[in-house]
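2 protein chains.
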Amino acid sequence: MSDENTGSTGEIQLDNGVFRVTRWTIQPNGVIPMHKHEYEYVVIPMVTDAMHVRNSDGTSIVADLEAGVSYTRAAGSEHEVSNPDGTDDIVFVEVERL
Amino acid sequence: MSDENTGSTGEIQLDNGVFRVTRWTIQPNGVIPMHKHEYEYVVIPMVTDAMHVRNSDGTSIVADLEAGVSYTRAAGSEHEVSNPDGTDDIVFVEVERL
Numbered sequence: 001m002s003d004e005n006t007g008s009t010g011e012i013q014l015d016n017g018v019f020r021v022t023r024w025t026i027q028p029n030g031v032i033p034m035h036k037h038e039y040e041y042v043v044i045p046m047v048t049d050a051m052h053v054r055n056s057d058g059t060s061i062v063a064d065l066e067a068g069v070s071y072t073r074a075a076g077s078e079h080e081v082s083n084p085d086g087t088d089d090i091v092f093v094e095v096e097r098l
Numbered sequence: 001m002s003d004e005n006t007g008s009t010g011e012i013q014l015d016n017g018v019f020r021v022t023r024w025t026i027q028p029n030g031v032i033p034m035h036k037h038e039y040e041y042v043v044i045p046m047v048t049d050a051m052h053v054r055n056s057d058g059t060s061i062v063a064d065l066e067a068g069v070s071y072t073r074a075a076g077s078e079h080e081v082s083n084p085d086g087t088d089d090i091v092f093v094e095v096e097r098l
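From first to last, the protein sequence lines stand for chains A and F. For the first sequence, the numbering used here assigns the number 1 to the initial residue and increments by one for each residue that follows. For the second sequence, the numbering used here assigns the number 1 to the initial residue and increments by one for each residue that follows.
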């Protein structure tokens, strides 16, 4: 999944019925558009950077990513994530528990 | 879990009954001693390097890790992993599906 319009790329590395693993890249000023997570998941940042998260309820946060420091989110999370002030790509690996 | 004798460190970042996420660091000439995996898991390398894997059946391979390129292994895998020729730490994040 690569989308010049959004400036983000999702490369599925594994989808075996147990895990789905996607490596996401958000270019400077890119966005992964609003989406809802069907499965509980873990994010492993590959970079240390600030990623902007706008939730479907309108609230926003800045997620301070740290390379190698994971975090988890529940199924049902619905948000858009972006790299508005970025000078570098934001890259993270998402592991979903199918 | 940090062990000066083995030269490896396992930092559990999450253990919530759904996932267990551990960040492993193997120093140059360090080893994570022989262990058996109870759960299916995914590895996300944080570095690009060669990691030596000795299986419990005596076979050995060199796993060419690439930063951000994940791989999965089945429950029951039993091996020792080491960094024998290393000049740098080998670091990876392991996500187990509990």
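All C-beta atoms, glycine included, are put in the ideal place defined by N, C-alpha and C. Computed from a predicted model, the values in this text were never measured in an experiment.
Under 8 Å by beta carbon: chain F residues contacting residue i
i: A:S70; result: Q13, L14, V21, R23, V93 and V95
Residue from the options whose Cα sits closest to the Cα of residue i
i: A:E78; options: A:P33, A:A50, A:M51 and A:E94; result: A:P33
i: A:T87; options: A:G30, A:E11, A:V62 and A:T72; result: A:G30
i: A:T59; options: A:T72, A:E80, A:M46 and A:P45; result: A:E80
i: A:I26; options: A:G17, A:G76, A:N16 and A:T6; result: A:T6
i: A:V43; options: A:D85, A:F19 and A:P28; result: A:F19
i: A:G70; options: A:E38, A:S8, A:V95 and A:G17; result: The identity of residue 70 of chain A in the sequence shown is Ser, whereas the question assumes Gly. Answer by Cα proximity: A:V95.
i: F:Q13; options: A:R97, A:H52, A:T72 and A:S8; result: A:T72
i: F:F92; options: F:A74, F:G68 and F:Y39; result: F:G68
Euclidean distance between Cα positions of residue i and residue j
i: A:N55; j: A:D64; result: 16 Å
i: F:G10; j: A:G76; result: 30 Å
i: A:D57; j: A:N16; result: 32 Å
i: F:M46; j: A:D49; result: 15 Å
i: A:H37; j: A:L98; result: 11 Å
Cross-chain neighbours of residue i in chain A, by beta carbon under 8 Å
i: F:V18; result: E40, T72 and R97
Local conformation of residue i per DSSP, three classes
i: F:M46; result: coil
i: F:Y71; result: strand
i: F:Y39; result: coil
i: A:E66; result: coil
i: A:Q13; result: strand
i: F:P33; result: strand
i: F:V18; result: coil
Within chain F, partners of residue i - CB distance below 7 Å
i: A:I44; result: I44 and V93
Contact list for residue i against chain A, beta-carbon separation under 7 Å
i: F:A67; result: M46
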